[in-house]
Amino acid sequence: MDTLSRVKIMLVGSLLMFHVVQGAPDTSITCRGCNGGTYSSENPYANTVAYVLTDMATAAPNHANYNYYTMSPYPTTAAYGRATCNSALSHSDCSICVKAAKACILANCPNSPGVNMVFEDCSMRYESYSFTG
């Protein structure tokens, strides 16, 4: 085998070994769950949810393995959240995806006490109780 063929094989092997998702993240909804009931925008829980959603959208792309848990700092109206991204996504694509999940939550589940929004490449969930998974 000549040197050029070896270089080509090594190059293709390297590209396959370090494959990273290219292009925009897939924000197709695979699951959407809005808890029944609503809270008013004057309710202190509204600030709690706003904090958790913003925290998840900002921190998840910077967190190890794109798996981020958070809790609001307001103990009387606590909210808990988790945001995840496909580990093959780049930092910027994870950021795009979780921001899209946040926007989808606000548009499709306004003032819901809990939401689970799952896209192909990321997910975001918040509840008024502690949860894992």
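Per mature numbering (1 follows the signal peptide of the UniProt record, and there is no 0): the sequence shown = residues -23 to -1, 1 to 110.
Glycine residues also receive a C-beta, built at the ideal position from the N, C-alpha and C atoms.
Quick caveat: nothing in here was measured; it's all calculated off a predicted structure.
Item, Value
"Neighbourhood of Thr7 by C-beta distance below 7 Å, restricted to the same chain and skipping five residues each side", "Val95, Phe96 and Glu97"
"Simplified DSSP state of Asn85, which is helix, strand or coil", "helix"
"Those runs of the beta strand (DSSP E) which lie wholly inside the region 14 to 92 and span at least 3 residues", "44 to 48 and 57 to 62"
"Close-in-space but distant-in-sequence residues of the same chain around Ala60 (CB under 6 Å, 5 per side omitted)", "Met33, Ala37, Tyr45, Val75 and Met101"
"Where Gly58 falls, given that 16 or more other Cβ within 10 Å makes a residue buried", "buried"
"Among Ser69, Glu104 and Val92, nearest to Tyr43 - alpha-carbon criterion", "Ser69"
"Whole-angstrom distance between Tyr16 and Ser107, CA atom to CA atom", "19 Å"
"Assumed close pair Val29, Thr53 - CB separation to whole angstroms, cut-off 8 Å", "Their Cβ separation, rounded to whole angstroms, is 15 Å, which puts Val29 and Thr53 out of contact at 8 Å."
"Own chain partners of Lys79 with C-beta closer than 6 Å, once the 5 adjacent residues on each side are dropped", "Leu30 and Ala34"
"Nearest-angstrom beta carbon gap, Pro21 and Tyr51 [assumed within contact, 8 Å]", "7 Å"
"Collapsed DSSP secondary structure at Thr107 in the structure displayed", "What sits at residue 107 in the sequence shown is Ser, not Thr. Ser107: coil per DSSP, three-state reduction."
"Ser5, buried or exposed, once every other Cβ within 10 Å from all chains shown has been counted against 16", "exposed"
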